[in-house]
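What follows is a short report on a single structure.
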Amino acid sequence: MLGGAGTAAISFSMPALAQQSAGRVVVVGGGFGGATAARYLKRGNPKLSVTLLEPARRFYTCPFTNLYFGGLRTFEQQGHGFDDLRKLGVQVVHERASDVDAKGKSVTLAGGKKLPYDKLVLSPGIDFRWGALEGYDQAAAELAPHAWQAGPQTTLLKKQLDAMENGGVFILVAPDNPFRCPPGPYERASMIAHYLKTKKPKSKLIILDAKDTFSKQGLFQDGWKKFYADIIEWVPRAKDGKVVKVNAKTREVETEFGGKHKAAVLNVVPPQKAGAIAGRAGVTNQSGWVPVKPQTFESSQVADIYVVGDATIAAPMPKSGFCANAQGKVAAAAIVETLAGREPPKASWVNTCYSLVAPDYGISVAGVYAVDEGKLIEVKGSGGVSPREASDDFRKLEADYGVAWYNAIAQDSWGTVSG
Amino acid sequence: MLKICIRKGLMHRTRVSLATLLGLGAAMLAAQPAAAQTPADVAVLAGSCANCHGTDGRSPGQIVSIAGRPETVLLAQLKAFKSDTPPPGTTIMNRIAKGYSDEQLSALAAHFSKIGANAPASAPAKKRSK
Numbered sequence: 083m084l085g086g087a088g089t090a091a092i093s094f095s096m097p098a099l100a101q102q103s104a105g106r107v108v109v110v111g112g113g114f115g116g117a118t119a120a121r122y123l124k125r126g127n128p129k130l131s132v133t134l135l136e137p138a139r140r141f142y143t144c145p146f147t148n149l150y151f152g153g154l155r156t157f158e159q160q161g162h163g164f165d166d167l168r169k170l171g172v173q174v175v176h177e178r179a180s181d182v183d184a185k186g187k188s189v190t191l192a193g194g195k196k197l198p199y200d201k202l203v204l205s206p207g208i209d210f211r212w213g214a215l216e217g218y219d220q221a222a223a224e225l226a227p228h229a230w231q232a233g234p235q236t237t238l239l240k241k242q243l244d245a246m247e248n249g250g251v252f253i254l255v256a257p258d259n260p261f262r263c264p265p266g267p268y269e270r271a272s273m274i275a276h277y278l279k280t281k282k283p284k285s286k287l288i289i290l291d292a293k294d295t296f297s298k299q300g301l302f303q304d305g306w307k308k309f310y311a312d313i314i315e316w317v318p319r320a321k322d323g324k325v326v327k328v329n330a331k332t333r334e335v336e337t338e339f340g341g342k343h344k345a346a347v348l349n350v351v352p353p354q355k356a357g358a359i360a361g362r363a364g365v366t367n368q369s370g371w372v373p374v375k376p377q378t379f380e381s382s383q384v385a386d387i388y389v390v391g392d393a394t395i396a397a398p399m400p401k402s403g404f405c406a407n408a409q410g411k412v413a414a415a416a417i418v419e420t421l422a423g424r425e426p427p428k429a430s431w432v433n434t435c436y437s438l439v440a441p442d443y444g445i446s447v448a449g450v451y452a453v454d455e456g457k458l459i460e461v462k463g464s465g466g467v468s469p470r471e472a473s474d475d476f477r478k479l480e481a482d483y484g485v486a487w488y489n490a491i492a493q494d495s496w497g498t499v500s501g
Numbered sequence: 147m148l149k150i151c152i153r154k155g156l157m158h159r160t161r162v163s164l165a166t167l168l169g170l171g172a173a174m175l176a177a178q179p180a181a182a183q184t185p186a187d188v189a190v191l192a193g194s195c196a197n198c199h200g201t202d203g204r205s206p207g208q209i210v211s212i213a214g215r216p217e218t219v220l221l222a223q224l225k226a227f228k229s230d231t232p233p234p235g236t237t238i239m240n241r242i243a244k245g246y247s248d249e250q251l252s253a254l255a256a257h258f259s260k261i262g263a264n265a266p267a268s269a270p271a272k273k274r275s276k
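Residue numbers (the working numbering), protein chains in the order written: chain A, 83 to 501; chain B, 147 to 276.
What follows is the structure, given as structure tokens:
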């Protein structure tokens with residue numbers, strides 16, 4: 083049909099195709115971005131043929147695994163299946179996409195099969211720059227977990243935490259920007275400190291940071307002072323916090339100016355890049371991330387490939403599950419309209435991100451985003467973080483809304499509230 | 147908690163001074179550029195609400211459902227969030243509502259009021275131009 087065409091302009095001459103199928107869309111990755119894109123493609127036009135490629139039968143979200151470390155949730159509660167998307171008519175294939183032929187417009191599955199597409203959505207998440215931090219490769223991650231992709235890494239870190247003696251030192255190595263979930267390391271520190279405070283009160287938690295500032299910093303530090311003054315120590319880069327070498331076997335790390343630290347449990351959040359399939363598709367640039375056209379999230383390098391979520395360069399939007407979901411909807415709407423021969427709709431996004439500092443103490447950051455003169459912008463006057471001065475009731479409400487948010491977005495993405 | 151409060155004064159004020167109009171104009175400029183919105187535009191605009199309020203504004207949990215509520219109620223609430231004195235108990239909606247022009251808020255209120263099923267038994271939302 084359109085197989086050999088390979089250019090964006092062709093997608094407007096679709097009436098012949100519309101007779102059988104309104105178009106074939108393949109979505110790679112079943113996380114917040116991909117699951118949402120698949121759902122909203124089908125909602126936007128049920129006649130579209132939509133195939134979702136996701137190796138896992140059950141997808142575990144990174145968001146809310148910090149509460150698992152804190153002992154407030156089970157790991158399974160972050161798991162989501164794909165039955166609801168199937169019910170909607172999405173073909174869910176549990177295979178890995180191993181390659182993309184952007185010219186021939188097909189995706190190759192790990193088993194060798196090729197899937198043709200008119201439009202492709204990549205929601206590949208992140209991969210790690212193994213070795214960019216000396217001593218930290220895949221083998222090292224089995225000893226000093228990153229737990230920055232939910233799965234066996236998450237349960238491994240929890241096991242190590244559970245096995246740690248009372249009085250042990252937990253070290254969290256935080257990366258430089260950009261990385262998945264900017265407040266994530268600091269919520270993790272909070273939740274692990276909560277666990278230590280309640281179960282192993284003689285223990286300490288040290289954050290060795292490659293940065294001097296971080297997301298929701300004032301709010302986190304207020305909370306740490308209130309709840310974990312004797313437990314959490316944050317070491318910014320300016321105070322020699324940047325880790326440059328890891329010895330995963332001995333759980334020792336070395337910092338920029340020669341500082342040495344030994345941990346009982348070592349959690350390294352390493353430098354990152356877009357998920358590997360993005361590189362195969364030719365949509366990444368030298369930074370390792372994916373530049374996109376803000377209006378549609380179509381790759382600015384390869385026509386008919388849309389990329390959403392953490393893999394993209396979408397600043398000022400952060401790399402969050404909320405943004406991946408919001409971008410998935412914008413890309414889906416653009417694809418639906420474009421395949422029908424209409425202009426893509428006006429883009430609009432929100433981000434809301436809750437972090438839990440203690441069981442009844444939540445904080446948030448929000449932002450509203452739009453396109454202005456071809457650039458992605460945060461709408462002036464919108465957004466910002468929770469007030470520094472707030473009542474206990476306010477913090478409790480934000481803690482509760484965090485959970486409510488998770489259930490709402492999980493339902494909006496996978497159709498399931500909680501595992 | 148997040149009570150829907152209609153401020154009668156706000157709703158039925160028909161005479162607006164020139165200064166207020168100018169102020170409103172400036173506020174709209176400060177937000178997003180206003181232009182005609184197609185149904186697809188509004189659907190995208192509304193898409194972000196689902197992330198907390200549930201798909202189509204039907205909430206699965208503690209955050210309020212917004213589907214099927216009267217348009218006037220939704221709009222009054224959104225405008226109250228956007229104002230400099232948001233309703234008591236507001237946590238995050240003031241920060242979000244300030245990201246939208248009044249025209250966009252009107253479009254969102256109309257959009258969610260028309261999504262049915264769980265609509266309250268009250269009279270159907272009246273069409274109301276600003």
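We treat Cβ as the ideally placed atom computed from N, Cα and C, and that holds for glycine.
Enclosing beta strand (DSSP E) for residue i [first to last residue]
i: residue 343 (chain A); result: 342-344
i: residue 377 (chain A); result: Looking at the DSSP string, residue 377 (chain A) is not in any beta strand (DSSP E), and its letter there is neither H nor E.
i: residue 316 (chain A); result: 314-317
i: residue 281 (chain A); result: Counting along the chain, residue 281 (chain A) falls outside any beta strand (DSSP E), though it belongs to the alpha helix (DSSP H) covering 266-281.
i: residue 173 (chain A); result: 173-175
Straight-line Cα distance separating residue j from residue i
i: residue 333 (chain A); j: residue 407 (chain A); result: 36 Å
i: residue 504 (chain A); j: residue 453 (chain A); result: One cannot answer for residue 504 (chain A) here, as it falls past the ends of chain A, which runs 83 to 501.
i: residue 362 (chain A); j: residue 116 (chain A); result: 18 Å
i: residue 249 (chain A); j: residue 310 (chain A); result: 15 Å
i: residue 403 (chain A); j: residue 384 (chain A); result: 24 Å
i: residue 359 (chain A); j: residue 110 (chain A); result: 9 Å
i: residue 458 (chain A); j: residue 346 (chain A); result: 43 Å
i: residue 451 (chain A); j: residue 344 (chain A); result: 42 Å
i: residue 282 (chain A); j: residue 356 (chain A); result: 37 Å
i: residue 259 (chain A); j: residue 293 (chain A); result: 8 Å
i: residue 145 (chain A); j: residue 160 (chain A); result: 8 Å
i: residue 490 (chain A); j: residue 209 (chain B); result: 8 Å
i: residue 193 (chain B); j: residue 350 (chain A); result: 35 Å
i: residue 173 (chain B); j: residue 136 (chain A); result: Caution applies to residue 173 (chain B), whose pLDDT of 43 falls short of 50 and renders its modelled position unreliable; the value that the coordinates give is listed next. Roughly 45 Å separates the two Cα atoms.
Beta carbon proximity, residue i to chain A, threshold 8 Å
i: residue 257 (chain B); result: no
i: residue 241 (chain B); result: yes
i: residue 251 (chain B); result: no
i: residue 262 (chain B); result: no
i: residue 244 (chain B); result: yes
i: residue 219 (chain B); result: no
i: residue 208 (chain B); result: yes
i: residue 200 (chain B); result: yes
i: residue 226 (chain B); result: no
Secondary structure of residue i, DSSP reduced to three states
i: residue 257 (chain B); result: helix
i: residue 394 (chain A); result: strand
i: residue 198 (chain A); result: strand
i: residue 366 (chain A); result: coil
i: residue 418 (chain A); result: helix
i: residue 199 (chain B); result: helix
i: residue 310 (chain A); result: coil
i: residue 219 (chain A); result: coil
i: residue 500 (chain A); result: coil
Neighbour-count burial assignment, residue i, 16 or more Cβ in a 10 Å radius
i: residue 320 (chain A); result: exposed
i: residue 386 (chain A); result: buried
i: residue 380 (chain A); result: buried
i: residue 464 (chain A); result: buried
i: residue 220 (chain A); result: exposed
i: residue 118 (chain A); result: buried
i: residue 179 (chain B); result: Low local confidence applies: a pLDDT of 47 at residue 179 (chain B) is under 50, so the model's placement there is unreliable, with the coordinate-based value given in what follows. Label assigned to residue 179 (chain B): exposed.
i: residue 241 (chain B); result: buried
i: residue 187 (chain B); result: buried
i: residue 492 (chain A); result: buried
Residue i at chain B interface by Cβ criterion, 8 Å
i: residue 493 (chain A); result: yes
i: residue 441 (chain A); result: no
i: residue 420 (chain A); result: no
i: residue 404 (chain A); result: yes
i: residue 207 (chain A); result: no
i: residue 480 (chain A); result: yes
i: residue 490 (chain A); result: yes
i: residue 230 (chain A); result: no
Extent of the continuous alpha helix (DSSP H) to which residue i belongs
i: residue 495 (chain A); result: 474-495
i: residue 190 (chain B); result: 185-193
i: residue 118 (chain A); result: 114-126
i: residue 225 (chain B); result: 217-228
Neighbour flag for residue i against chain D, beta carbons, 8 Å
i: residue 187 (chain B); result: No chain D is present in this structure, whose protein chains are A and B.
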